[in-house]
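Report on the structure given below.
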Amino acid sequence: MVFAQGDFIATLRGPTPLDTEGEPPRMEQVENEDIKRPRNYPMQPPTIPHKIDSYQVDLNTNKCMSCHSRRRIEESQAPMVSVTHYMDRDGNFLAEVSPRRYFCNQCHVVQTKAKPLVDNTFQDVDHLIQQQSKPE
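First residue of the sequence shown: 209, per my numbering; consecutive thereafter.
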């Protein structure tokens with residue numbers, strides 16, 4: 209496909225040329241409602257229903273575990289991390305969270321009230337099952 213000079217190709221960068229640094233998009237407000245969100249597919253990691261701006265998660269500290277570790281859930285009333293977080297890759301149970309699961313933001317993310325940048329036709333598993341079970 210060839211484009212004539214001056215033709216505009218729609219991109220997420222907008223009209224900013226590739227060799228120019230564009231204006232960064234505005235940071236959307238993070239939801240801070242502490243409401244458990246539904247999951248859209250099996251094994252989906254739960255989203256984080258609160259702000260984590262000042263949470264330190266590094267080699268020495270994991271602020272998330274101050275509420276979500278099994279030792280702290282009674283006091284914090286936060287849900288405990290899944291037992292799979294206490295297993296090594298061979299399925300053996302560990303006393304502490306596995307190093308493979310220690311950095312929470314590898315899988316878990318906060319939610320914002322951002323407008324989608326591209327169209328999305330995703331349908332959750334319940335919707336697909338419901339469609340399949342309808343008589344034709």
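Heads up, the beta-carbon is just placed ideally off N, CA and C, and yes, glycines get one too. Note that the structure is a prediction, hence the values are computed from the model and not measured.
- Excluding sequence positions up to five before and after D261, its CB lies less than 6 Å from no other CB in the same chain.
- The way I'd put it, the stretch 285-296 doesn't touch the stretch 220-232; fewer than three beta-carbon pairs between them come closer than 8 Å.
- Bridge partners of M295 according to DSSP: F301.
- Counting the other CB atoms within 10 Å of its CB gives C312 a total of 16 or more, which places it among the buried residues.
- Scanning its chain for C-beta atoms nearer than 7 Å, with the 5 sequence neighbours on each side dropped, one finds around Q264 the residues K271, in chain order.
- By the beta-carbon neighbour count (other beta carbons within 10 angstroms, threshold 16), H335 is exposed.
- Distances from the alpha-carbon of D242 to those of P254, R280 and N248 put P254 closest.
- The alpha helix (DSSP H) runs of length 4 or more contained entirely in the stretch 231-309 are, from start to end of the chain, 273-276 and 281-284.
- Take L220, set aside five residues on each side of it, and the residues of its chain with a beta-carbon closer than 7 Å to its own are L325, in chain order.
- Taken atom to atom, the span from the alpha-carbon of V318 to that of E239 is near 7 Å.
- Residue pairing by DSSP places V318 opposite I256 in a beta bridge.
- Our two residues, R245 and F330, have alpha carbons roughly 17 Å apart in a direct line.
- In the three-state reduction of the DSSP assignment, Q339 falls in the helix class, which pools H, G and I.
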